[in-house]
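Enquirer: First residue of the sequence shown: 4, per the working numbering; consecutive thereafter.
Next up is a structure, given as structure tokens.
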Amino acid sequence: LFRPYRAQELKVLSCIAVSSALGLVPPLMVAWIVDRALPHKSLPELLAYTGAMTLSALLMGLLGVFQGYQNHQMGEGIMRDLRVQLVSHLHRLPLDFFASTRTGEIVNRVSTDVDSVDDLVSGTLVTIVSNCFVLATTIVAMFVLDWRLTLLSLAVLPMMILPLWPVGRKMYVTRKANRKKRDELASLIQETLSISGITLLKLFSSEDTERSKFAKMAGELMKMEIDLAMIGRWFFMIIVTMAVIGPALIWFLGGKLVIDGALGLGTVTAFVALLSRLYTPVTSLSGVQVQIASALAVFERIFEYLDLPEEEQCGEDLPQSVKGELEFDQVSFSYNSERPTLEDISFRIEPSKVLAVVGHSGAGKTSLANLIPRFHEIAAGEIKLDGKNIKTYKLSSLRAHIGMVTQETYLFHDTIEANLRYAKPQAGREEIEEAARLAHIHDLVMSLPDGYQTTVGERGYKLSGGERQRLSIARVILKNPAILILDEATSALDSVSEEAIQKALKELTRGRTSLVIAHRLSTVEDADKIIVLDHGKIVESGTHRELMLARGKYAELAARQFKGRNQQEEEPLKLEKRD
């Protein structure tokens, strides 16, 4: 992470080295003032020594400003790189990861976890290096002044360093548990305060229940934060105590030597001044060790995500002219090893033909559709596009030729135009409006006060389910894919809207290989071929007429649906007679 910022690192290290040397000037000048200038009653010497002190302080201040700018430029650059790297990596993870991980946890790691290591990245390198420079130059200067006092000063250091390991280890364990609890809290907030979550909460009047749950979790986090804050307090108390005892010992021994005439008063005074340059870096380095141990728990969480394997990005590009012949050859798939979701699936869709997939809920229809853009990897068999295994193509190239309208329409909290343009960023306004017309949504959009600049709200909440679905269809029309997947594309529409969309879908599917998943069989009667799934297996296939004549599973499903529809149509007549 630091590698791209070598220039800034070099400037920072140079500033640290010069500042460390300049930091020795004031205590040495104090010694010379007391032992030379004052006894000699020499004004020029006094002016020279005090001038040197002033000049060194001024230079150190200027270097500090320059060093701070370079350091923050480097630190913030590293944080930006880490955030971008993490988010880019998450974008390339398979759907299985997002299906098994709570959104709140992902958001917490990307935002809060990265933010929590900001101080470490921005300041730790500088802290370590600068303190090491200060320690080295200070010890040399102390030995020059008096070796006996130096040895006494260094004898105190082990007591300031030895307790570091257990404190750091405890900090690591506690911080890791703390971040996990924060994940749980973030997930709870994200679930209950999203538009869907808050609607459900209000619908069931669960305000008090959710408040109690949140208060309990917040209380547990509070206790962890207190434990985290109190770790090492006794240790730091020892460090602070030693920082006071050390100068006291120096004054005692140094004072005795001054009384005996073996040492000058200025030397002792300078030595005590240097002690702060000895103990302050040690105290700071001790804090850094604990800070690193604490941050390791957070870094571990960040790199746990960065180490997850990405979707395969290798392969060749599809040719621009894709025919769209799609074939499943003995394909099997499972979300877990215990129960297969799809088993031995084989079928073929001719270019520009429509294949419908029907079956009970949970039969595996959506899972089958998700295998075509390789949202999941199959366990056995092959899926071929124009005669070649789709695994030979780059994922981005494969998905560029596939359009999908899913059961759950997702719109960004942005304008209608921005949501449509997501399919084709370079699309002109005419293309966008034409796509909306084909999806029978243009007139509605133009009736809104802001037209295509209308903000749809989170997940498109300001629009009805049918309107959201028609926008989703318009988005796919704008993409103009060679292969079209419609997963219950008309499920959220009323009968009037459905009729309009069915006409648009006929235009949309013309010239494209289309896989249509439908619960309502009336929407797939005109499909070139229909396959019936039951418990992950194909139990029937054929045209609507052939399957009805076969009187099998498809005919059974049709009988139930049409019977229900006939009952609904007859019900008003019964009510009128009863009245």
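All C-beta atoms in this analysis are idealised placements derived from N, C-alpha and C, irrespective of residue type, glycine included.
Since the structure is predicted, the reported quantities are computational estimates derived from the model, not experimental observations.
Can you round the beta-carbon distance between Leu-345 and Val-361 to whole angstroms, since I take them to be within the 8 Å contact cut?
Expert: Taking the sequence shown and counting its residues from 1, the one referred to as residue 345 is at position 342. Taking the sequence shown and counting its residues from 1, the one referred to as residue 361 is at position 358. Not really, about 15 Å apart at Cβ, beyond 8 Å.
Enquirer: In chain order, which alpha helix (DSSP H) runs of at least 4 residues are fully inside the segment 295 to 376?
Expert: List check, alpha helix (DSSP H) in window: 368 to 374.
Enquirer: Going by other Cβ atoms of all chains shown within 10 Å of its Cβ, with 16 needed for buried, is Ile-520 buried or exposed?
Expert: Taking the sequence shown and counting its residues from 1, one reaches residue 520 at position 517. Result: buried.
Enquirer: By DSSP, does Leu-511 sit in helix, in strand, or in coil?
Expert: In the sequence shown, counting from the first residue as 1, residue 511 sits at position 508. Residue state, collapsed to three classes: helix.
Enquirer: In whole angstroms, what is the alpha-carbon distance linking Gln-429 and Val-90?
Expert: Position 426 of the sequence shown holds residue 429. Position 87 of the sequence shown holds residue 90. If you take the alpha carbons of Gln-429 and Val-90, they lie about 24 Å apart.
Enquirer: Does Lys-482 come out as helix, strand or coil in the three-state DSSP assignment?
Expert: In the sequence shown, residue 482 corresponds to position 479, counting from 1. It is helical.
Enquirer: Quick check on Glu-491: does DSSP put it in helix, strand or coil?
Expert: Walking along the sequence shown from the start, residue 491 turns up at place 488. DSSP places Glu-491 in coil when its eight states are reduced to three.
Enquirer: Kindly indicate which three-state DSSP category Ile-541 falls into: helix, strand or coil?
Expert: The residue you call residue 541 lines up with position 538 of the sequence shown. Three-state DSSP puts Ile-541 in a strand.
Enquirer: Could you round the C-beta distance between Leu-518 and Ala-372 to whole angstroms and report it? I think they count as a contact, below 8 Å.
Expert: As a working mapping, residue 518 is identified with position 515 in the sequence shown. As a working mapping, residue 372 is identified with position 369 in the sequence shown. That pair is a contact at about 6 Å.
Enquirer: So, for Glu-385: in the same chain, excluding its five sequence neighbours on each side, which residues have a beta-carbon less than 6 Å away from its beta-carbon?
Expert: Looking up residue 385 in the sequence shown gives position 382. So the qualifying residues of the chain are Asp-332 and Asn-392.
Enquirer: Any idea what DSSP makes of Ser-45, helix, strand or coil?
Expert: In the sequence shown, counting from the first residue as 1, residue 45 sits at position 42. Coil at Ser-45, not helix or strand.
Enquirer: Of all the options Thr-270, Asp-389 and Glu-313, which has the alpha carbon lying nearest to the alpha carbon of Pro-322?
Expert: By one-based count along the sequence shown, residue 322 stands at place 319. Comparing Cα-Cα distances from Pro-322 to each of Thr-270, Asp-389 and Glu-313, the minimum goes to Asp-389.
Enquirer: Return the Cβ separation of Ala-55 and Glu-48 in integer angstroms, given the expectation that the two are a contact with Cβ distance under 8 Å.
Expert: Taking the sequence shown and counting its residues from 1, one reaches residue 55 at position 52. Taking the sequence shown and counting its residues from 1, one reaches residue 48 at position 45. Actually they do not touch by this definition, with Cβ atoms about 11 Å apart.
Enquirer: Can you name the start and end residues of the beta strand (DSSP E) that Gly-384 belongs to?
Expert: Indexing the sequence shown from 1 puts residue 384 at position 381. Start and end: 383 to 388.
Enquirer: Assign Pro-169 to buried or exposed, taking buried as 16 or more other Cβ atoms, counted over all protein chains shown, within 10 Å of its Cβ.
Expert: Here residue 169 corresponds to residue number 166 of the sequence shown, with the count starting at 1. The residue in question, Pro-169, is exposed, as its Cβ has fewer than 16 Cβ neighbours within 10 Å.
Enquirer: On a CA-only basis, which of Phe-5, Ala-221, Leu-61 and Val-33 is nearest Thr-127? Give me that one, please.
Expert: In the sequence shown, counting from the first residue as 1, residue 127 sits at position 124. That would be Phe-5, whose Cα lies nearest to the Cα of Thr-127.
Enquirer: For Leu-358, which residues from the same chain have a beta carbon less than 6 Å from its beta carbon, with the 5 sequence-adjacent residues on both sides left out?
Expert: Position 355 of the sequence shown holds residue 358. Contacts found: Ile-352, Leu-518 and Lys-532.
Enquirer: Could you tell me whether the segment 128 to 140 touches the segment 407 to 425, using the rule of 3 or more Cβ pairs below 8 Å?
Expert: Flag = no, the segment 128 to 140 and the segment 407 to 425 do not touch.
Enquirer: Helix or strand or just coil, what does DSSP make of Val-275?
Expert: Your numbering for residue 275 matches position 272 in the sequence shown. DSSP places Val-275 in helix when its eight states are reduced to three.
Enquirer: Does Gly-267 come out as helix, strand or coil in the three-state DSSP assignment?
Expert: Against the sequence shown, residue 267 aligns to sequence position 264. Gly-267 falls in the coil class under three-state DSSP.
Enquirer: Residue ranges of each beta strand (DSSP E) run of no fewer than 3 residues wholly in the segment 392 to 426, ordered along the chain?
Expert: Listed in chain order, they are 405 to 408.
Enquirer: Quick check on DSSP: helix, strand or coil for Lys-259?
Expert: Position 256 of the sequence shown holds residue 259. Helix, per DSSP.
Enquirer: Under a Cβ-count criterion, where at least 16 other Cβ atoms within 10 Å of its own Cβ denotes burial, should Ser-450 be classed as buried or exposed?
Expert: In the sequence shown, residue 450 corresponds to position 447, counting from 1. Exposed, because fewer than 16 other Cβ atoms sit within 10 Å of the Cβ of Ser-450.
Enquirer: How many Å lie between Ser-3 and His-404 at the Cα?
Expert: With the chain covering only 4 through 582, there is no way to say anything about residue 3.
Enquirer: To the nearest whole angstrom, what separates the beta carbons of Met-82 and Asp-122, a pair I think is in contact under 8 Å?
Expert: On the sequence shown, position 79 is the one that residue 82 refers to. On the sequence shown, position 119 is the one that residue 122 refers to. The Cβ separation is near 10 Å, so there is no contact.
Enquirer: Output the distance between the C-alpha atoms of Thr-270 and Ala-34, rounded to the nearest integer angstrom.
Expert: Residue 270 sits at position 267 when you count from the first residue of the sequence shown. Residue 34 sits at position 31 when you count from the first residue of the sequence shown. Whole-angstrom Cα-Cα distance: 5 Å.
Enquirer: With DSSP collapsed to three states, give me the class of Ser-197.
Expert: Counted from its first residue, the sequence shown places residue 197 at position 194. Ser-197 falls in the coil class under three-state DSSP.
Enquirer: Name, in chain order, the residues that DSSP records as bridge partners for Phe-532.
Expert: Within the sequence shown, residue 532 is the residue found at index 529, counting from 1. Checking the sequence, you will find Lys at residue 532 rather than Phe. Lys-532 pairs with Leu-358.
Enquirer: Give me the residue from Glu-194, Ala-232 and Glu-228 with the minimum Cα distance to Lys-216.
Expert: Here the question's residue 216 lines up with position 213 in the sequence shown. If we check each option's Cα against that of Lys-216, Glu-194 comes out closest.
Enquirer: Quick one: residues in its chain with C-beta nearer than 8 Å to the C-beta of Trp-254, no 5 flanking neighbours on either side, listed in chain order?
Expert: Taking the first residue of the sequence shown as 1, we reach residue 254 at position 251. Excluding positions up to five away in sequence, the list reads Val-271 and Val-275.
Enquirer: From Val-124 to Glu-461, what distance separates their C-alpha atoms?
Expert: Here residue 124 refers to the residue found at position 121 of the sequence shown. Here residue 461 refers to the residue found at position 458 of the sequence shown. When rounded, the distance between both Cα atoms is 35 Å.
Enquirer: Spell out the partners DSSP gives Leu-518 in its beta bridges.
Expert: As a position in the sequence shown, residue 518 is number 515, starting the count at 1. Leu-518 is bridged to Leu-358 and Ile-488.
Enquirer: Could you tell me if Phe-146 is buried or exposed, where buried requires 16 or more neighbouring beta carbons within 10 angstroms of its beta carbon?
Expert: Here residue 146 is taken as the residue at index 143 of the sequence shown, counted from 1. It is exposed - the Cβ of Phe-146 has fewer than 16 other Cβ atoms within 10 Å.
Enquirer: In the DSSP output, which residue or residues are listed as bridge partners for Thr-458?
Expert: By 1-based counting over the sequence shown, the position of residue 458 is 455. DSSP output for Thr-458 lists Thr-418 as bridge partner(s).
Enquirer: I think Ile-229 touches Thr-177, with their Cβ atoms under 8 Å apart; what is that distance to the nearest whole Å?
Expert: Here residue 229 corresponds to residue number 226 of the sequence shown, with the count starting at 1. Here residue 177 corresponds to residue number 174 of the sequence shown, with the count starting at 1. Not confirmed; about 10 Å, so no contact.
Enquirer: Taking contact to mean at least 3 C-beta pairs separated by less than 8 Å, is the segment 304 to 317 in contact with the segment 138 to 156?
Expert: These segments do not touch.
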